[in-house]
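Residue numbering for the sequence shown follows the working numbering, starting at 621 and increasing by one per position. Here the structure comes first, spelled out in structure tokens, and everything after it is commentary.
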Amino acid sequence: MAETATVQILPSDDKTNGWSRVLDPRTATPALVGDVRADWVVLGAGWAGMAAARRLAENRPDDSIILADAGEIGENASGRNSGFAIDLPHNVGSSLDELDGSHRFMALARAAVNYLETSVNEFDIACDWSKRGKYHASHSARGKGEVLEPFARELESLGEPFRWLDARELQSEIGTPYYHAAVYTPGCILMNPAALCRGLADNMPANVTLYENTPVAGLEQENGIRLTTPNGSIFAPRMILTTNGFAEQFSFFANQLIPIAAHASLTRCLTSDERAALGGEDDWGLTPANAIAGVTMRFTRDHRILIRQGFQYKPDFRVSDAERATARQNHVACFRERFPMLPDVTMEHTWTGIVCLSRNSAPGFGKIAPNVWTSVCQNAVGVTKGTFGGILAADLACERDNELIGFMESLGEPDVLPHKMLMKIGVPAKIAWDIWSNRHEK
Ligand SMILES: Cc1cc2nc3c(=O)[nH]c(=O)nc-3n(C[C@H](O)[C@H](O)[C@H](O)COP(=O)(O)OP(=O)(O)OC[C@H]3O[C@@H](n4cnc5c(N)ncnc54)[C@H](O)[C@@H]3O)c2cc1C
621 MAETATVQIL PSDDKTNGWS RVLDPRTATP ALVGDVRADW VVLGAGWAGM AAARRLAENR
681 PDDSIILADA GEIGENASGR NSGFAIDLPH NVGSSLDELD GSHRFMALAR AAVNYLETSV
741 NEFDIACDWS KRGKYHASHS ARGKGEVLEP FARELESLGE PFRWLDAREL QSEIGTPYYH
801 AAVYTPGCIL MNPAALCRGL ADNMPANVTL YENTPVAGLE QENGIRLTTP NGSIFAPRMI
861 LTTNGFAEQF SFFANQLIPI AAHASLTRCL TSDERAALGG EDDWGLTPAN AIAGVTMRFT
921 RDHRILIRQG FQYKPDFRVS DAERATARQN HVACFRERFP MLPDVTMEHT WTGIVCLSRN
981 SAPGFGKIAP NVWTSVCQNA VGVTKGTFGG ILAADLACER DNELIGFMES LGEPDVLPHK
1041 MLMKIGVPAK IAWDIWSNRH EK
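Below, the structure written as structure tokens:
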């Protein structure tokens, strides 16, 4: 019997992504017109979809692969994030089970970083790829005691290198005196995510055909997969679904995924006088001790400061201009508090992307229907999780042995959520509570 799904909510591009606005314009590949067939279709061209398509092409060099996306490369969440390829779990935990889980996560994340780095080098992708590491910083002594000290102990248990910085030492490296302390870890990569996405897409293997601006409005499963688009259709015997939070639109992971809007801004480039006033080193990244209450920051290679702050529950995947204007005001206020030595620096770009969370932080991965595999729900760490999820979904679909598939499966699957009406009250209340109870880390 045919299984069908009609998509109710499509992705939309508000054309605000700062990371792509600072790049030269790119011409998208043509949208699909007509009816096409291939051996495989990969739906969704973020980190997960691009990794899956490339890996399928490597695994099956004689097969044809279609990679389709509703929008343009680098304009989705994958190109709108803060540009940290994170190699360590956020919360390590200290039990043997948790340490074991952390070792598995690090093996997966580092495989993804190596995979991306190989592509950056092979295709000479200009994305400011930087092995700079990152600072995990607390604004208060309380945040240091509650978050950084346990984090440092766990890094010790894992045998991972790190360095403590007090307020003065951190200021000498990043310029701002705002923070109380930080733990520096060296393994995180920083880059311009839109540039990396473009570079990956523009260097797909020859047996991958990419259709951009091709929103899929319907899915039918009968002796294969048929996807309908505004001007045509795609048929393939097998599909890898990499639409992240939109998976529910295709009747997968119903009531298991939480779409959250995350806002970010980039300043204009600092002048040389402003760089001197800021002090510190070029090119750094900082994550806050509390991700909900705090601010993620970067100083980019082209001397802009990134502020990532603010989350909103968005089951309709839409953010209004007024909400974005409020986010920008908040970012300006965060910037002024942290960088009083830069009074004239203005925000040039503010944008929003939709991240997909699960209640238990587990990914959506594996075989989800006959001839359908997936990697979705990257829990806001999609650069690495999406990349290894896509690679492993392709390996699973091709029955290629890879011990990391077992590691991935051990991460579990997204818990079922309460009814959507309860979510509409509960998630904003939870975000508000997290911000209030961690206000010392604002
Ligand atoms: C502001 C912000 C900061 C972040 N910072 C970081 C960070 O520093 N590091 C990190 O690792 N992660 C970060 N994240 C999270 C990260 O961006 C995501 O986890 C990641 O992009 C998920 O990748 P993905 O490939 O699974 O999904 P996506 O990037 O969401 O890609 C899914 C694709 O599916 C397509 N699609 C959906 N429905 C359809 C349809 N019907 N038809 C056709 N195509 C469709 C979409 O157009 C989209 O291109 C951040 C996110 C945001 C928004």
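All C-beta atoms, glycine included, are put in the ideal place defined by N, C-alpha and C. This structure is a prediction, so every number in the text was calculated from the model and none was measured.
Assign residue i to one of two classes, buried (16 or more other C-beta atoms within 10 Å of its C-beta) or exposed (fewer than that).
i	result
S1057	exposed
E692	buried
S892	exposed
M621	Confidence in M621 is poor, its pLDDT being 49 and thus under 50, which makes the residue's placement unreliable; the coordinate value appears in the next sentence. Classification of M621: exposed, given that the 10 Å Cβ count is below 16.
F743	exposed
A945	exposed
D941	exposed
M1041	exposed
V939	buried
K754	buried
P850	exposed
A909	buried
A1052	exposed
H1039	exposed
Q869	buried
G819	buried
Indicate the three-state DSSP secondary structure (helix, strand or coil) for residue i in the structure shown.
i	result
L630	coil
G984	strand
Y804	strand
R1020	coil
T1004	helix
M621	In this prediction, M621 has a pLDDT of 49, which is less than 50 and means its spatial position is unreliable; what the coordinates show is noted afterwards. Of the three classes helix, strand and coil, the one that applies to M621 here is coil, per DSSP.
G763	helix
V939	coil
G654	strand
M961	coil
F704	strand
V1047	helix
D786	strand
A665	coil
V1036	coil
I1011	helix
Span of the beta strand (DSSP E) holding residue i?
i	result
I693	Taken as a continuous stretch (DSSP letters only), I693 belongs to no beta strand (DSSP E), as it is neither H nor E.
E840	838 to 841
W971	967 to 977
L758	The question names Leu, but residue 758 in the sequence shown is Ser. Here the beta strand (DSSP E) through S758 covers 754 to 758.
F855	852 to 856
Residue i lies in the alpha helix (DSSP H); which residues open and close that run?
i	result
V992	Unbroken run through V992 is the beta strand (DSSP E), 992 to 996; no alpha helix (DSSP H).
Is the CB of residue i under 8 Å away from at least one CB in chain C?
i	result
R773	No chain C is present in this structure, which holds just one protein chain.
Between residue i and ligand 2, is there a pair consisting of the residue's CB and a ligand heavy atom that are separated by less than 7 Å?
i	result
F866	This structure lacks ligand 2; its bound ligands are ligand 1.
Length at least 3, wholly inside the region 862 to 911: the beta strand (DSSP E) runs in chain order: 878 to 887, 904 to 908
Between the region 917 to 936 and the region 851 to 864, are three or more C-beta pairs nearer than 8 Å? no
Would you say the region 772 to 785 touches the region 1045 to 1061, given that touching needs at least three Cβ pairs under 8 Å? no
Does the region 992 to 1001 come close enough to the region 969 to 977 to have 3 or more Cβ pairs within less than 8 Å? yes
On the three-pair Cβ rule with 8 Å, is the region 633 to 649 touching the region 847 to 856? no
Counting Cβ pairs closer than 8 Å, one from the region 755 to 765 and one from the region 787 to 804, do we hit at least three? yes
Quick test of the definition: if touching needs 3 or more C-beta pairs under 8 Å, does the region 701 to 709 touch the region 724 to 737? yes
Taking three-plus beta-carbon pairs below 8 Å as touching, is the region 665 to 673 in contact with the region 1023 to 1030? no
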